[in-house]
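In this note's numbering, the protein residues as written are 114 to 751. We put the beta carbon where it would ideally sit given N, CA and C, even for glycine. Given the structure is predicted, the values throughout are model-derived calculations rather than measurements. Step one of this worksheet: look at the structure below.
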Ligand code: ME8
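Here it is, written out as structure tokens:
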């Protein structure tokens with residue numbers, strides 16, 4: 114019988130900056146699902162990749178003094194290295210600059226044009242460069258992008274349009290007939306109420322303002338809109354238009370995974386594009402929550418990102434993966450802090466799992482010369498442990514089908530904790546005092562080793578290294594015993610053959626002492642503090658929140674930016690030495706903190722009426738902004 118297929122995808126990530134833990138979150142989750150499905154016997158295709166075209170990338174490349182291709186090549190190499198460090202077992206890595214992808218996107222565009230779904234007209238409206246999104250008047254909030262909050266640009270240009278509206282009814286029907294298509298349910302309601310109910314407008318699908326993109330095949334002054342290019346990756350990567358056999362094997366996708374901010378593109382534009390191409394729709398689009406950092410979304414534009422490489426260096430691949438999968442109920446937002454990671458590592462991995470293994474192996478060495486003993490004398494207390502260990506796979510499967518990875522891991526760790534309790538209840542060190550209890554002691558230790566074997570198998574989808582390290586210590590690490598570690602063998606208690614030789618190894622997860630904020634502020638802590646002042650001296654400073662209205666470079670001064678800011682109803686000009694860290698357009702629309710009662714001074718001939726506050730850490734500099742929305746310009750900072 115041929116295997117059932119399972120096709121899952123992550124977003125293709127932008128190549129405009131390095132990826133961060135937020136990207137690792139989606140990718141590690143996708144990897145755990147892929148590994149789990151493979152273990153269950155599915156023919157899996159796990160796709161990830163990079164989204165490399167667009168104005169933003171072009172601008173970044175220019176700023177770095179590189180051609181866009183050279184610029185993205187460097188970033189893609191880094192991304193692949195990070196996925197390597199995190200043991201991401203993708204089957205296909207697509208780049209939207211791959212020739213076969215570009216060719217198929219052009220063909221798709223051509224076909225839609227020929228069948229009358231794409232037409233030429235003029236676009237007038239709001240565009241957010243950072244999100245590469247078009248917004249209607251109704252969607253724009255105070256001239257700002259509703260997604261990222263930055264100023265939108267008013268653009269007028271000749272463009273091609275895709276007739277989204279034509280397919281609206283068919284999409285609505287699909288949603289009605291397939292309630293599980295958009296997950297979780299709250300996102301489905303949001304899409305229907307906020308986008309479908311008000312009615313879809315046709316979508317602008319070409320740009321003439323930049324060159325870095327796939328040219329419209331019959332009108333080369335236009336490049337194809339990035340989202341049309343990027344979304345198509347899900348079909349071009351598996352052979353759409355080029356390898357029918359592979360394509361038909363895997364399409365439709367079983368699961369598109371992504372963060373909630375791009376569900377709109379995947380549940381409106383993408384299905385309509387597929388309907389227009391006469392292709393079946395994916396089975397499920399899941400928009401998960403965000404990793405927050407200090408209650409704010411971790412994102413490149415906010416500059417509050419944590420690099421996965423640093424975390425892997427400090428804590429190891431499996432500990433980071435465990436944390437990402439275990440900490441946050443899938444679907445919801447959750448705070449990322451290094452402290453939570455360390456707590457999780459110490460409690461679950463070092464204490465519960467690591468100790469169970471080291472105690473079990475140490476006792477088998479001490480009381481049985483390192484040979485796993487025979488289980489002969491059963492007592493009622495064993496039955497509970499055995500039953501829970503055997504049932505864990507079933508619980509895990511239910512949780513994995515609901516995409517609740519924390520539930521799946523809890524099922525495994527509950528067995529680990531039950532086994533630790535079993536040690537306390539059976540007190541092997543007491544049994545060891547009497548020769549007559551030797552056989553009972555053997556049974557207790559056998560049960561512990563067997564529980565560890567089962568739990569280690571169940572950890573396979575989540576932690577690629579830890580199971581093998583457990584098997585090495587239990588003496589089942591070699592290929593010879595491969596059948597003992599197969600997925601289905603987690604269902605049966607008692608298959609571990611007595612007589613295997615255990616071997617004590619290094620601690621699975623050494624405990625980590627929590628050092629607050631080491632990653633973020635290392636260089637800052639090295640700076641000596643300024644002499645003490647009293648409160649009245651501090652009170653002389655008038656710190657205020659201002660809104661940046663305009664920003665421009667100061668002629669012949671590399672480091673300076675001239676800002677026009679609103680301080681309540683007053684307009685001021687401030688010259689700030691932050692040009693090496695901020696492009697002028699990055700600051701427009703931002704609320705920042707300034708010293709408002711500093712005597713004005715002439716800098717390069719410009720009257721500067723205040724001073725911008727900024728934090729610096731090594732090479733990095735950040736202006737200071739209120740974290741909460743709704744703090745208005747002129748607000749006092751106390
Ligand atoms: O949007 N928490 O790429 P992107 C959780 N190229 N997940 C996060 C996250 C966070 N703080 N930050 C990022 C794009 N992610 C487009 C996609 S697909 C056809 C095109 C993850 O580099 C999450 O999966 O901005 C989010 O949707 C994705 O990275 C955005 O990656």
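With the rule of 3 Cβ pairs closer than 8 Å, the segment 585-598 counts as touching the segment 612-619.
For residue 652, the enclosing alpha helix (DSSP H) has its first and last residue at 648-652. For residue 256, the closest of 702, 187 and 748 by C-alpha to C-alpha distance is 702. Judged by their CB atoms, residue 125 and residue 207 are nearer to each other than the 9 Å cut-off. Rounded to the nearest whole angstrom, the CA to CA distance from residue 348 to residue 354 is 9 Å. The C-beta of residue 424 has 16 or more other C-beta atoms within 10 Å across all chains shown, which makes the residue buried.
In the structure shown, residue 328 falls within a strand segment according to DSSP collapsed to helix, strand and coil.
Of the heavy atoms belonging to ligand 1, at least one sits nearer than 8 Å to the Cβ of residue 123.
A distance criterion of 8 Å places the beta-carbon of residue 248 beyond contact range of ligand 1, judged by its closest non-hydrogen atom.
The beta carbon of residue 201 is closer than 6 Å to those of 140 and 144 in its chain, skipping five residues each way along the sequence. One Cα belongs to residue 594, the other to residue 148, and the distance between them is close to 21 Å. Scanning the segment 658-711 for uninterrupted beta strand (DSSP E) segments of 3 residues or longer gives 670-680, 683-689 and 704-708, listed from N- to C-terminal end.
Using a cutoff of 8 Å, the CB of residue 726 does not count as near ligand 1, since none of the ligand's heavy atoms is closer than that. Judged by the Cβ position, residue 275 fails to qualify as a neighbour of ligand 1 at the 8 Å threshold, every heavy atom of the ligand being at least this far. In terms of Cβ geometry, residue 659 and residue 688 do not form a close pair [threshold 9 Å]. Assignment of alpha helix (DSSP H) within the segment 548-603, counting only whole runs of 4 or more residues, yields 551-571 and 579-587 in chain order.
If you compare the alpha carbons of 232, 225 and 265 with that of residue 240, the shortest gap goes to 265. Going by DSSP, residue 286 is part of the alpha helix (DSSP H) stretching over 281-290.
Taken through DSSP and simplified to helix, strand or coil, residue 129 comes out as coil. Leaving aside the five residues that flank residue 499 on each side, the residues in its chain whose CB is nearer than 6 Å to its CB run, in chain order, 606. The secondary-structure analysis by DSSP pairs residue 338 with nothing; it has no beta-bridge partner. In the assembly as shown, residue 569 is a buried residue. Its beta-carbon has 16 or more other beta-carbons within 10 Å. No heavy atom of ligand 1 is found nearer than 8 Å to the CB of residue 161.
The Cβ neighbour count for residue 502, taken over all protein chains shown within 10 Å, is at least 16; the residue is labelled buried. Ranked by how close their Cα comes to the Cα of residue 328, the residues 376, 167, 174 and 261 have 167 in first place. Boundaries around residue 481 are those of the alpha helix (DSSP H), 468-481, since no beta strand (DSSP E) includes it.
Remark: the shortest separation between the CB of residue 505 and any heavy atom of ligand 1 does not fall under 8 Å.
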